[in-house]
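*Asks:* Just dropping this structure here.
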DNA sequence: ATATATTATGCAACTTTGTTGCAATTTTAG
DNA sequence: CTAAAATTGCAACAAAGTTGCATAATATAT
Ligand SMILES: [Mn+2]
Ligand SMILES: [Mn+2]
Ligand SMILES: [Zn+2]
Ligand SMILES: [Zn+2]
């Protein structure tokens, strides 16, 4: 996996640093989305808080991760698919938040439907976030 | 309008206070959703920051307002329709965020489609947030 | 209308979250 | 290996959100 991670960083024209490798590793190991807080907690002995902020921002810019909006002021992050590139994300999948275990997951296989808006509105991106009870909790 | 506002508070078993009246007035006057920050800015000479937090929480609890999730850690609030009640919101409409003027609006007339999830997942609520260019900006 | 009980508010003190500039360190490229 | 470029940690802030408690406002019952 170490090589896979360095590869991904180089592919995105980023210096390969301990911090970036560690954060990418966290994302690759996790099957659910991570909040800034989660990442900070799992790396705080090694890396500064500010570095985590900057790394997440950098990964966003390069299209390595995407955000998942939530209704409680706690943005989550998850890995993008290969098709995402600088500034242009193509994560057209639904996100699910389990109200029982709290995890947020990308449902890659569930595509976002097209929604027709009133005259004059132009759609750039559509986000669908479904809350309920997940597979494991039900 | 003053009477309409007091009425709404009483209907929800809330004391009629200056603070609550003022915040409800802001929502009724605005045709777009408001962030906590917006409300604080428009009331800060009169009311304490903490009171605004508590009032928004109370209005949420009673089903007077609902939140609109965004991908940038800035939850917005908007008035609910009459059908919403304590703990049970029925705002099954799409939300729109204009990337030009920044406003967030409820598209009451656009209903949220049903999305079929994989086996085992149970849907409680579906949120759809579309970003793009609004009617006025295009 | 007045007194009493209930609820809401403001304030202070605090915690958490996010930002910026800059010097020191690490990484990359030659 | 060296020099240039980029990343990091630190300090110092700023902004956002929380909690306990005394005071003030509102509602309820005489
Ligand atoms: Mn996703
Ligand atoms: Mn709405
Ligand atoms: Zn779950
Ligand atoms: Zn607009």
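Protein chains in written order, with the working numbering: chain A, 5 to 142; chain B, 5 to 142.
By construction, the Cβ of each residue, glycine as well, lies at the ideal position given by its N, Cα and C atoms.
1. Taking the straight line between their C-alpha atoms, what separation do you get for residue 38 of chain B and residue 75 of chain A?
2. Shortest alpha-carbon distance to residue 61 of chain B belongs to which of B:28, B:32, B:85, B:46?
3. So for residue 112 of chain A, helix, strand or coil by DSSP?
4. Taking only three categories from DSSP, how would you classify residue 145 of chain A?
5. Among all the DSSP beta bridges, which residues are the ones paired with residue 135 of chain B?
6. In this structure, does DSSP put residue 15 of chain A in helix, strand or coil?
7. Can a CB atom of chain A be found closer than 8 Å to the CB of residue 74 of chain B?
8. Using a Cβ cut-off of 8 Å, pull out every chain B residue sitting near residue 139 of chain A, in sequence order please.
9. Is residue 21 of chain A close to ligand 4? I mean its beta-carbon at under 7 Å from any heavy atom of the ligand.
10. Under 7 Å from any heavy atom of ligand 6, does the C-beta of residue 107 of chain B make it?
11. By the DSSP assignment, the beta strand (DSSP E) with residue 25 of chain A in it spans what residues?
12. Please report the straight-line C-alpha distance between residue 20 of chain A and residue 53 of chain A, rounded to a whole angstrom.
13. Between residue 63 of chain A and chain B, is any beta-carbon pair separated by less than 8 Å?
14. For residue 24 of chain A, does the count of other Cβ atoms within 10 angstroms reach 16, so buried, or fall short, so exposed?
15. Any chance the CB of residue 2 of chain A is under 7 Å from a heavy atom of ligand 3?
16. Does at least one heavy atom of ligand 3 sit under 7 Å from the Cβ of residue 137 of chain A?
17. For residue 121 of chain A and residue 102 of chain B, I'd like the C-alpha separation in whole angstroms.
18. How should residue 115 of chain B be labelled, buried or exposed, when 16 other C-beta atoms within 10 angstroms of its C-beta is the threshold for buried?
19. Does residue 140 of chain A come out as helix, strand or coil in the three-state DSSP assignment?
20. Please list, in chain order, all residues of the same chain as residue 138 of chain A whose beta carbon is under 6 Å from its beta carbon, the five residues on each side excluded.
*Replies:* Let's see:
1. 14 Å
2. B:28
3. strand
4. No answer is possible for residue 145 of chain A: it lies beyond the span of chain A, which begins at 5 and ends at 142.
5. A:129, B:101
6. helix
7. yes
8. 122, 123, 124, 125
9. no
10. For the structure depicted, ligand 6 is absent and the ligand set comprises only ligand 1, ligand 2, ligand 3 and ligand 4.
11. No beta strand (DSSP E) holds residue 25 of chain A; the alpha helix (DSSP H) holding it covers 22–33.
12. 19 Å
13. no
14. buried
15. Absent from the structure is residue 2 of chain A, since the part of chain A shown begins at 5 and ends at 142.
16. yes
17. 13 Å
18. exposed
19. coil
20. 102
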